[in-house]
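Asks: Here it is, the structure, as structure tokens.
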Ligand SMILES: N[C@@H](CCC(=O)N[C@@H](CS)C(=O)NCC(=O)O)C(=O)O
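In the working numbering, the protein residues as written are 26 to 320.
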């Protein structure tokens, strides 16, 4: 069983999409990031960066760094998803144990950073990542484009337009960069059916959840006119991924966490939000300057 610690965010959806595509059994566990569950010592032992998602593989703790030509045998974990299949028997409640770094074959094995989780699953399942050097490099280039540019820039843009819309300097800066990045994707997808070439793969799986998020903010980019104006290839790609059988299963599984997320946000007071957003009293610069820390 693979466990994903997360919330309703695009970085978490990446892993859920991949698990659904591979037909791997998994369980989603909600993390209340507004209450700071991601900063507990137990969580930091799994992800030193204190973010979701974290992937925990409870049954198959060893992956090879070399590409797998075929699905890796991993009894009891790798199975084909079947419509209407009953949920597996309940397992003992997993614990957030300090498993980070274990490669000795013992479970659980924890992976932080969503793209690292995708690579772990690709090597585990032997799917969605090219094995030949040059096609693999192209796939990794587009995967890294997502992790280094799309995710961080879209994330900052969402923050400004949702929580600081009057900060026009920040809002404009990120809006402009998001528009540029969308253009890069559209140009690529006008030349290639999938981001890495002829096959649907990790780069598409990593990028699609962020375009799903962008779908909600396109009106801001276009002053309420046609949301996909100027992005026809990106739009076709977005719809093709949405039509894959695994995609609605993944979005439904993720969206099931919405009530828990909304409740967590509703419980968060001004101080908790200040800490979550890393601003005001709870910014992190005191750690570098040695200045008085916020309590
Ligand atoms: N590069 C990381 C980004 C993870 C990330 O930023 N996660 C957000 C949710 S999308 C989070 O955990 N936020 C809580 C916090 O910052 O304390 C990844 O791809 O896994």
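We put the CB at the ideal spot given by N, CA and C, even for glycine. Note that the structure is predicted; figures quoted are calculated from it, not measured.
Report the option in 262, 59 and 44 whose CA atom is closest to the CA atom of residue 220.
Replies: Counting from one through the chain shown, the residue named residue 220 turns up at place 195. Ranking 262, 59 and 44 by Cα distance to residue 220 puts 262 first.
Asks: So the beta strand (DSSP E) residue 135 belongs to, where does it begin and stop?
Replies: For the purposes of this step, residue 135 is identified with residue 110 of the chain shown, where counting begins at 1. Where residue 135 is concerned, the enclosing beta strand (DSSP E) stretches over 134-137.
Asks: Where DSSP assigns a beta bridge to residue 81, which residues make up the other side?
Replies: Walking along the chain shown from the start, residue 81 turns up at place 56. Answer is 28 and 135, bridged to residue 81.
Asks: Is residue 64 near ligand 1, going by C-beta to nearest heavy atom under 8 Å?
Replies: Within the chain shown, numbered from 1, the residue matching residue 64 stands at position 39. Checking every heavy atom of ligand 1 against the Cβ of residue 64, one is found closer than 8 Å.
Asks: Using only the heavy atoms of ligand 1, determine whether one of them is closer than 8 Å to the beta carbon of residue 268.
Replies: If you number the chain shown from 1, residue 268 lands on position 243. It does not: the Cβ of residue 268 is nowhere closer than 8 Å to a heavy atom of ligand 1.
Asks: Determine the DSSP secondary structure at residue 55, reduced to helix, strand or coil.
Replies: Counting from 1 along the chain shown, the entry for residue 55 is found at position 30. Looking at residue 55 - three-state DSSP - the assignment turns out to be strand.
Asks: When DSSP labels each residue in this structure, what does residue 69 get in the three-state scheme?
Replies: In the chain shown, the residue the question calls residue 69 occupies position 44. Note: residue 69 maps to helix in three-state DSSP.
Asks: For residue 108, count the other beta carbons within 10 Å of its own beta carbon; 16 or more makes it buried, fewer makes it exposed. Which is it?
Replies: What you label residue 108 is simply residue 83 of the chain shown in a count that begins at 1. Since pLDDT at residue 108 reaches only 38, below the 50 mark, its modelled position is unreliable, and no value is offered.
Asks: So residue 228 and residue 167 are supposed to be a Cβ contact under 8 Å. How far apart are they, rounded?
Replies: If you number the chain shown from 1, residue 228 lands on position 203. If you number the chain shown from 1, residue 167 lands on position 142. At roughly 4 Å, the Cβ-Cβ gap stays under 8 Å, so residue 228 and residue 167 are in contact.
Asks: Put residue 235 into one of helix, strand or coil per three-state DSSP.
Replies: As a working mapping, residue 235 is identified with position 210 in the chain shown. The answer is helix: DSSP assigns residue 235 an H, G or I state.
Asks: Taking all protein chains shown into account, do 16 or more other C-beta atoms lie within 10 angstroms of the C-beta of residue 31, making it buried, or fewer, making it exposed?
Replies: In the chain shown, counting from the first residue as 1, residue 31 sits at position 6. So residue 31 counts as buried.
Asks: From residue 204 to residue 298, what does the alpha carbon distance come to, in whole angstroms?
Replies: Taking the first residue of the chain shown as position 1, residue 204 is located at position 179. Taking the first residue of the chain shown as position 1, residue 298 is located at position 273. Spanning the two alpha carbons is a distance of roughly 28 Å.
Asks: In this structure, how does DSSP classify residue 153 when only helix, strand and coil are distinguished?
Replies: For the purposes of this step, residue 153 is identified with residue 128 of the chain shown, where counting begins at 1. Here residue 153 sits in coil by DSSP.
Asks: Enumerated in chain order, which unbroken segments of the alpha helix (DSSP H) with a length of 4 residues or greater are wholly contained in the region 190-269?
Replies: Here the runs fully enclosed are 193-216, 227-247 and 257-267.
Asks: Does DSSP classify residue 126 as helix, strand or coil?
Replies: In the chain shown, residue 126 corresponds to position 101, counting from 1. Below a pLDDT of 50, predicted positions are generally treated as unreliable, and residue 126, at 43, falls in that range; the measurement from the model is reported next regardless. Reduced to three states, the DSSP call for residue 126 is coil.
Asks: With a 10 Å radius around its C-beta and 16 neighbouring C-beta atoms as the bar for buried, classify residue 177 as buried or exposed.
Replies: The residue given as residue 177 occupies position 152 in the chain shown. Under this definition residue 177 is an exposed residue.
Asks: In terms of residue numbering, what span does the alpha helix (DSSP H) encompassing residue 63 cover?
Replies: For the purposes of this step, residue 63 is taken as residue 38 along the chain shown, with counting starting at 1. Looking at the DSSP string, residue 63 is not in any alpha helix (DSSP H), and its letter there is neither H nor E.
Asks: With a threshold of 8 Å on Cβ separation, who are the neighbours of residue 269 within its own chain once the five nearest residues in sequence on each side are excluded?
Replies: In the chain shown, counting from the first residue as 1, residue 269 sits at position 244. Once the five neighbours on either side are set aside, the close Cβ partners of residue 269 are 46 and 225.
Asks: Does the distance from the C-beta atom of residue 200 to that of residue 182 stay below 9 Å?
Replies: Numbered from 1 along the chain shown, position 175 holds the residue referred to as residue 200. Numbered from 1 along the chain shown, position 157 holds the residue referred to as residue 182. Yes.
Asks: With DSSP as the reference, identify every bridge partner of residue 168, one or two as the case may be.
Replies: The residue you call residue 168 lines up with position 143 of the chain shown. Looking at the DSSP assignment, residue 168 forms no beta bridge with any residue, so it has no partner.
Asks: Could you spell out where the alpha helix (DSSP H) holding residue 311 opens and where it closes?
Replies: Taking the first residue of the chain shown as position 1, residue 311 is located at position 286. Unbroken alpha helix (DSSP H) run through residue 311: 311-314.
Asks: Go ahead and label residue 311 buried or exposed: buried means 16 or more other beta carbons lie within 10 angstroms of its beta carbon, across all protein chains shown.
Replies: For the purposes of this step, residue 311 is taken as the residue at position 286 of the chain shown. The residue is exposed, with fewer than 16 neighbouring Cβ atoms inside 10 Å.
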